[in-house]
Structure formats: C-alpha cells, structure tokens
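Inspection log for the structure reproduced underneath, given as structure tokens.
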Amino acid sequence: MFQSYKTFLLILLGNALDHYNTALYIFLAPYLASNFLDFESEVISLIVVHSLFSSCTIIAKPVGVWFFGWLVNILDSRKVLLITLGGVAFTTFSVAIIPSYESIGIAATILLILAKVAQGFFAAGEVGISSILIFNTVKSKEFIKANSYYQCSTMIGIILASAIATIISSSTASFANWRYAFALGMLTGIIGLCLRLAIFSNSNSVNYTAYHKNVMTHSSKSNQTISSKFFLLLKVSCLHGLSYITYAVPFVILDNIIPLISNISRTEILAYSNVLMYFDAAMIVAMGHIIRNNNYKIWMLLAIILFAVTMIPCFVYLSKLTLQVIILIKFWIIFWGVVFTLLLNVWLVQKVDGNKYLFIGIGYVIGCEFWGRSSIAICLALWQYFNDLIAPAIYITAVCICAVSFLFFRQKTSCCKP
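Each residue of the sequence shown is one higher than the one before, counting from 926 in our numbering.
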C-alpha cells in the first residue's frame, strides 16, 4: 500500500499532535473565557472567545499555508515539518504561562490573541502540507484508505484533548488545572519532534520540492490564476467548512448549549462525547476499508441531506430530549459526517488539477475557519440574540444548502476535470 511508509507515519503523527493542541482551545474555551475576558454572562464570554479565535486564525492560517508552501521549496521538507510541529507545541505551551485578566488586565487578552495567531500560523503549515502530501505516499487506488488513517489521526489528537478537558472539568480545582493541559502541549511536541528526528535519521530525504513546484507557484501568473478561479476556492472552502461543522455540532455546539438549558452537566456530556469520539475514530478506519464505490458525489450528497434534515428538529426539541436520545442523535450526525469527510479530500484531489496545494490547502484552512470554526460563535450568537434554538439550526441548514449547490454546479475550467 505505502510508497513511503515512514513518511506516511510521520504525517499521521504530526497531524494527531497538531489537532491535540488545536482542540484544547475549543474544549477549554470556558476556562479561557473566564481567565482572559471580563464578562458576567457565560454565554457572552463563550461567544466572544470563539469569535476571537476564529478571527485570529482566519487570517493566520491562509498566511501560514502560503508561507510554508513557499518555504518547502527552499528547505528540505523534513525541516519544514519540524518547524511547524515545534511552533505549534511552543505556542500552545505559551498559553499556560499567560497571567490572568485579574493580574494584568486587557494585556492578558492581547497575549492570548497573539498566542492563538502564532499557533494558527504554524498549524496551517502542518495541516496544509500534510493533507495533500498524504496522497503522495500511496497508490491512487488506496486514496480512501490512506485518508481514513489520516482522518483517524485527527480524531486521536482530538480525543486526547477531550480526555484531558474532561479530567480537568471533573477536578475540584478545574479553574487552575486547565493550564496543565496547555503545558502538556510542549511535552507532546517534544515527543513528536524526537520521533520525527528518529525517522529522519534512518531514512533518505523525501524530495517533495518538484511536487510543490508543480502545485505551488508565487509569480504574478499564480496570482492571476487564484483570482480567476475564485469560485473554485469558494467551493473547496465551503465543502471543507461543512466537514468541520459535522464535527462541531455533536462535539462542540451541542456540548456548550446542553448544560445551559438542561440538568445534564458539562462533565457528564463530555464523558459521553469522549466515548463517541472513540466510535468516530474506529468508524473512520472501518469505512476507509469498506467504501470502494467511485461515485463519491452521490454519497457526499446523501450525507449532507441527511445531516441537514436532522438539524431543525434536533435543535427545536433539544431542551426536552433525554441524554440517551441526545447520544443517538450525535451518533447519527457523526456517522454521516464521517462518510462526507472521508470522501471529500479524495474527491477534491481527483477533481482539482494543476494548483492543488493552493486550492485545496488554502481552501481547507479558509473553510475550516470561515465556514467551520466560526459556526460555533455564530450559532451561540444566533441563539442568544433570537432566544430560540431554531436560529442556529437554520444557519447550519443554509450552509448545507450552499454545499449541495456547489456539488451540483459543474464549473467549465481547466482547473477542474469534467
């Protein structure tokens, strides 16, 4: 299966550690809001902290994708991956040592924003490169299987972050212990760097320079291509954004809303979410071995439609649902989210010709931040403003409609295969 087994492993390793560090900001958002912001309302604090993170990364990540895509043409690709992983680890650790708002006032908020900007910059380089290079380590017939392992490594990192957040939430000194989770980011980074160095020292250099030159240019011609293919970039970003939303709804949005409208505690809902994450990771690998149909678009459309029709009834009756029913709804959302996400990158790699790295890489980070991560703050804000849970459900359904429209629309351009 593998053309470069060790490279495949180091990509999975870096992806898992990167998503651990990134997911900490989401799962520990309530603690970050209470320590670095000054709002009396818990809902307002959550909206602001998620909005800040989304605003930081929507700028930092596209810049990171471009910069490290340029750097990989100058330095050995192995050195670039060491820089990105080390940068993610260090910036995550820096959050653990920032004084609270009570100690230094608004300076604490500014330092948190700077740390998140830097973390997003390095994380974009890690994920932007690896999400495309993963397909360069296997034969084309194994794309789905390779992507399933890649997506599974994403879930492993998120599961680790969620487990740490659950332990902290259940501790008696949770509002002090959250810093240890971010300090652990440095330890995971050091472990990852040591393992990568061990792999590099026992393997020949993997020369991806030619590959990147074929998919990434920085001339004025490239800039003209980007502007002329804006629709394609919008399409890729919307689809990746929806992929992020299928994860954000069961694991973040519902977990933030449920404790505020029911008797189900945050610790209890997080514990069940951890179990569902194990199921998610296992199903990703299983589906990667099961799915062999080349008609990816049909399965992706089916997944979007079934996800969309679930949203409004789920949110409308959320306060009346028992924990068991909520878990079943999450199970349903996760299943179709896995189907959609697993096929998305494979479909895009086959459909987008030429500048794959720019369109898929930058489309990925813009989609995750603009369409995906921002959905958390948007859904909470819509709920707060209208005082009705149908508002966020309508927003998510609208994003699904946009994604379906992009899948149906066939652009006649040399960048896309017919």
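A virtual CB, placed ideally from N, CA and C, is assigned to each residue, including glycine.
Any 3 or more C-beta pairs closer than 8 Å across the stretch 943-953 and the stretch 1265-1276: Verdict: no, contact absent.
V997 - partner residues in DSSP beta bridges: The partner list for V997 (beta bridge, DSSP) is empty, contrary to what the question assumes.
Burial state of L1112, where buried means 16 or more other Cβ atoms lie within 10 Å: L1112 should be labelled exposed.
Alpha helix (DSSP H) segments (min. 4 residues) lying fully within the stretch 1242-1276: Taking only runs of at least 4 residues, the alpha helix (DSSP H) segments lying wholly in the stretch 1242-1276 are 1248-1276.
Residues of its chain near Q1076, where Cβ-Cβ distance is below 7 Å and the 5 sequence neighbours each way are ignored: Taking Q1076 as the centre and dropping the five residues before and after it, the same chain places the C-beta of I1209, T1266 and L1267 closer than 7 Å to its C-beta, in chain order.
Contacts around G1288, its chain only, beta-carbon distance under 7 Å, and the 5 residues preceding and following it disregarded: Result list for G1288: L1158, V1161, S1162 and H1165, in chain order.
L1332 versus A1196 - alpha carbon distance: The alpha-carbon atoms of L1332 and A1196 are separated by roughly 36 Å.
Contacting residues, own chain, Cβ-Cβ under 7 Å from K1138 (five flanking each side not counted): Residue placement at K1138 cannot be trusted, given a pLDDT of 47 that sits under 50; what the coordinates show is reported in the next sentence. Taking C-beta separations shorter than 7 Å and ignoring five residues to either side along the sequence, the partners of K1138 in its chain run N998, following chain order.
Beta carbon of A1090 nearer than 7 Å to that of F978: At a Cβ-Cβ threshold of 7 Å, A1090 and F978 do not count as neighbours.
DSSP-derived helix/strand/coil call for V1140: Only weak support exists for where V1140 lies, its pLDDT of 41 falling under 50; the value from the coordinates is given anyway. For V1140, the secondary structure class from DSSP, reduced to helix, strand or coil, is helix.
Under the three-state DSSP convention, the category G1030 falls into: Looking at G1030 - three-state DSSP - the assignment turns out to be coil, as it is neither helix nor strand.
N- and C-terminal bounds of the alpha helix (DSSP H) containing V1200: Unbroken alpha helix (DSSP H) run through V1200: R1191 to I1215.
Status (buried if at least 16 other CB within 10 Å, exposed otherwise) for P1175: P1175 counts as buried, since no fewer than 16 other beta carbons sit within 10 angstroms of its beta carbon.
Alpha carbon of S1339 to alpha carbon of S1055, nearest angstrom: Low per-residue confidence applies at S1339: pLDDT is 40, beneath 50, and the placement is therefore not dependable, though the value from the model is reported in the following sentence. Straight-line Cα distance between these residues: approximately 25 Å.
Helix, strand or coil at T1097 [DSSP, three-state]: Secondary structure of T1097 (DSSP, three-state): coil.
Contact set for A1043: own chain, Cβ-Cβ below 6 Å, skip 5 residues either direction: For A1043, where only same-chain residues beyond five positions count, the Cβ hits under 6 Å are T1016.
Three or more C-beta pairs below 8 Å linking the stretch 1182-1189 and the stretch 1237-1245: Yes: at least three Cβ pairs fall under 8 Å.
Rounded Cβ spacing between F1047 and G1012 (contact assumed at less than 8 Å): Taking the Cβ atoms as the reference, F1047 lies roughly 3 Å from G1012, within the contact range of under 8 Å.
Among N1072, M1080 and N1312, nearest to S1244 - alpha-carbon criterion: Checked all of N1072, M1080 and N1312; the closest Cα to S1244 is N1312.
Spatial distance of S1087 from L1226 (CA atoms): Rounded to the nearest angstrom, the gap between the Cα atoms of S1087 and L1226 is 30 Å.
Pair within 7 Å by beta-carbon distance, G1297 and I1170: G1297 places its beta carbon less than 7 Å from that of I1170.
Cβ-Cβ distance between A941 and V990 below 7 Å: Cβ atoms of A941 and V990: not closer than 7 Å.
Same chain, Cβ closer than 8 Å to K1070, neighbours up to 5 away in sequence not counted: Within the same chain, K1070 has close Cβ partners M926, V1063, G1213 and H1214.
N- and C-terminal bounds of the alpha helix (DSSP H) containing N1312: It is not in any alpha helix (DSSP H) - N1312 carries neither H nor E in the DSSP assignment.
Cβ pair E1193, K986 closer than 7 Å: No.
E967 (DSSP reduced to helix, strand or coil): Note: E967 maps to helix in three-state DSSP.
Closest by C-alpha distance to G939, when choosing among L1122, A1032 and N960: Of the listed residues, the one whose Cα sits closest to G939 is L1122.
Exposed unless 16 or more other CB atoms sit within 10 angstroms - verdict on C1325: Around the CB of C1325, 16 or more other CB atoms lie within 10 Å, so the residue is classed as buried.
I1092, DSSP secondary structure in three states: Helix.
Reduced DSSP secondary structure (H/G/I, E/B, other) of N1072: N1072 carries a helical assignment under DSSP once its states are collapsed to helix, strand and coil.
Residue burial classification, K1276 (beta-carbon count within 10 angstroms, cutoff 16): With a 10 Å radius around the Cβ and a threshold of 16 neighbouring Cβ atoms, K1276 comes out buried.
Cβ-Cβ distance between A1211 and W1261 below 7 Å: For A1211 and W1261, no; Cβs fall outside 7 Å.
Buried/exposed call for S1073, threshold 16 Cβ in 10 Å: With 16 or more Cβ atoms within 10 Å of its Cβ, S1073 is classed as buried.
Residues near V1290 by beta carbon distance below 7 Å, same chain, minus five either side: These residues qualify, in order along the chain: K986, P987, V990, A1049 and G1053.
Close Cβ partners of K1255 (< 6 Å) along its chain, the five nearest in sequence each way excluded: Scanning its chain for C-beta atoms nearer than 6 Å, with the 5 sequence neighbours on each side dropped, one finds around K1255 the residues P1175 and L1201, in chain order.
Buried versus exposed, by CB contacts within 10 Å (16 or more), Y1105: Residue burial is scored here from C-beta neighbours: Y1105 has fewer than 16 other C-beta atoms within 10 angstroms and is therefore classed as exposed.
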